[in-house]
Amino acid sequence: MTDWEVNGGEHQHPAAHDTSATGIAMMPAYPHVVEGGMVQPQSQQQAASSLNLALQSHAGPVYQPREGVMCTQSTFFVETNPSRQLLGHMYVECLKPLLNNQLPIILIHGDFHTGQIWSTKPDGNPGWASYFCYNGRCVYVVDLPPFGRSNIDCRPLDPARMSNETFRMDESTVERALTAPGKQESERWAGARNHSQWPGTGQRGDPIFQGYYASLVPLQSKKVDRQALAQDALARLLERTGRAVLVGEGAGATMAWLAADLKPDLVAAVVAVEPAGPPAGSATHMGEDGLLRYSRHIKYAPGVRPYGLADIPLTYDPPLGMPSIGAAHYGPALDLATAFSQSGDISCVLQPGGIARAGYGPVPEPRKLVNLRQIPHAIVTAQASSHSTYDWAAIQFMRQAGVGVFHIRLEEYYLFGNGHLMFLESNSDEIASLIDLWIGMKT
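Going by full-length UniProt numbering, 80 is the number at position 80 of the sequence shown; the sequence numbering is gapless.
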């Protein structure tokens, strides 16, 4: 069993929970086999065993035809909640298989992407939208507003909240972080040199790299507005589709959690493919060469995902208070702290709870994510991605908040060499097959 200690100097709120002159307090121990320094609850071990058995007996298709799948295709738009100050429309593409016998899937892209990433991979092969359709699922592919074919109406907003600036990823950043992390002069995170599944060289001048880079779009509007728009639009889509599975990548996983929090009765499961993280903290530090490095020492970062998994409120019990919708800032955020393992070799951000601090009285138990805990969750992490250093922190945060979550680490299922863009890489069908198996087990 692993114990945690809280650094009293890293709290978001003044009620730091230190019990000694050094400002160190013991966090409650969480019953957990060791997962890279973290320990797994028994349910994780049992689910992993069940998933392995399912893989061994799997009779369904692992690969889809190169030409894709026969299906009925249609498109439509859904509107965001008109009570919000920020209005928008979300473009949705529906792929309906000839034989539709399973729960539908909604595929949610992350930052700098559009729904196009799910349709065709940069090497020309069909993507996950076609794969899940081939497996008998109706698939909905969205362009989150304001990306791609979706749009927003900024006129009702206070101009001070809107920025004319946009942010783009340059080619060198894409190489270093996504398509060729193992070919850099030095590793920015442990395991980066294992990256081998990106088709082509992953470097500038390669046609596959150039095809991927051409698909990227700039970030527009503020993060809190993008999240509020996505939450509203996805909730409206769920009202139309009925009960569905949400699959999100990167920031799209955040949007999936937000939609599930709003409509838990309409979400059968959530698969977060390397979600934006870690919760309320940062896993990076600046190296001597001026490049960011990733480590398992995660520290609280003010203003970063102040609600743990998101930048806008989630439903906690006890509640946090009423947010100020449409204002420049939302309501009170969580009380959070950097928590260290007893060995001191890893740290993450958690809610301090179940302990007392002299002069402050008893500290309540950690707040629970009461809507998200109603839904099965999985987080998928690739072997050679920077997320391999910090996705565990999201799992620890969710479990502390009462949410059951299963960690799918691809290398444990003999899927090696993948990076953050696993859904675009050479073995993407095999990864989708693994995810589809987990969904089938949980729904």
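We treat Cβ as the ideally placed atom computed from N, Cα and C, and that holds for glycine.
Because the structure is a prediction, the values reported are computed rather than measured.
Have a look at the DSSP bridge pairing and note the partners of residue i.
| i | result |
| --- | --- |
| G248 | I108, A272 |
| Y316 | L369 |
| Q73 | L95 |
| T381 | R409 |
| P143 | In the sequence as presented, Pro is not what sits at residue 143; that position holds Asp. Answer is Y91. |
| G281 | Y300 |
| E79 | H89 |
| V267 | A244 |
| F167 | L219 |
By DSSP, does residue i sit in helix, in strand, or in coil?
| i | result |
| --- | --- |
| N418 | coil |
| T389 | helix |
| G303 | coil |
| S295 | strand |
| M286 | strand |
| S150 | coil |
| I408 | strand |
| G36 | Any reading at G36 needs caution, since the residue's pLDDT is 40, under 50, leaving its predicted position unreliable; the model's value is listed next. G36 falls in the coil class under three-state DSSP. |
| E425 | coil |
| G402 | coil |
| Q64 | coil |
| I431 | helix |
| I439 | helix |
| I395 | helix |
| A310 | coil |
| A333 | coil |
| C133 | helix |
| I355 | Because I355 carries a pLDDT of 42, less than 50, the predicted location of this residue cannot be relied on, and the following value inherits that uncertainty. Note: I355 maps to coil in three-state DSSP. |
| G326 | Low confidence applies to G326: its pLDDT is 43, below 50, so where it sits in the model is not reliable, and the reading given next is rough at best. G326 falls in the coil class under three-state DSSP. |
By alpha-carbon positions, which one of the options ends up nearest to residue i?
| i | options | result |
| --- | --- | --- |
| L238 | K183, E249, A256, G250 | A256 |
| D317 | T114, S150, G182, R373 | R373 |
| T179 | R367, V267, F209, T284 | F209 |
| G205 | R193, P218, A233, V174 | V174 |
| R409 | L144, R149, A378 | A378 |
| A260 | T241, I375, V217 | I375 |
| S119 | A310, H407, A129, F112 | A129 |
| G242 | G252, V141, G211, V267 | V267 |
| H195 | P207, Q203, P181 | P181 |
| P319 | R367, T338, Y300 | R367 |
| K121 | W198, N151, P364, E365 | W198 |
| P352 | Q203, I152, A337 | A337 |
| E412 | A382, L314, V403 | A382 |
| A230 | F406, S343, G402, D143 | D143 |
| G110 | V141, V370, N101, L369 | V141 |
| G281 | D335, E79, E425 | D335 |
| R236 | T254, S172, F76 | F76 |
| F167 | G404, P218, Q396 | P218 |
| Q64 | K299, Y131, R399 | Y131 |
| N371 | L350, C348, G402 | G402 |
| H89 | L216, R176, A233 | A233 |
| K299 | G344, D436, K263 | G344 |
| V78 | I117, G115, R240 | R240 |
| P193 | S385, D311, Y213, K96 | Checking the displayed sequence, the identity of residue 193 turns out to be Arg instead of Pro. With distances taken between Cα atoms, R193 lies closest to S385. |
| V62 | W438, I439, S433, G440 | S433 |
>> Could you tell me which whole beta strand (DSSP E) segments of length 3 or greater appear in the segment 90-125?
In response: Whole beta strand (DSSP E) segments, 3+ residues: 105-108.
> Mind pulling the alpha helix (DSSP H) runs of 4 or more residues that sit fully within the UniProt region "Disordered" (171-203)?
Replying inline: 171-174
> With contact counted as at least three CB pairs below 8 Å, one residue from each stretch, are the segment 69-76 and the segment 217-226 in contact?
Replying inline: Here the segment 69-76 makes no contact with the segment 217-226; the two share fewer than three CB pairs at distances below 8 Å.
> Using 8 Å as the Cβ pair cut-off and three pairs as the minimum, do the segment 419-436 and the segment 118-134 touch?
Replying inline: yes
> Touching or not, the segment 270-281 and the segment 385-392, by the rule of three or more beta carbon pairs under 8 Å?
Replying inline: At 8 Å Cβ cutoff, the stretches touch.
> If you pair each beta-carbon of the segment 295-309 with each one of the segment 411-418, do three or more pairs fall below 8 Å?
Replying inline: No, they do not touch.
>> Any contact between the segment 96-109 and the segment 246-261? By contact I mean 3 or more CB pairs, one from each, below 8 Å.
In response: yes
>> Does the segment 180-193 come into contact with the segment 289-303, if we say contact requires no fewer than three beta-carbon pairs (one atom in each stretch) closer than 8 Å?
In response: yes
>> In chain order, what are the residue ranges of uninterrupted alpha helix (DSSP H) at least 4 long that sit wholly in the segment 206-264?
In response: Counting only runs of 4 or more, we get 207-215, 223-241, 251-262.
> Counting Cβ pairs closer than 8 Å, one from the segment 130-138 and one from the segment 276-287, do we hit at least three?
Replying inline: no
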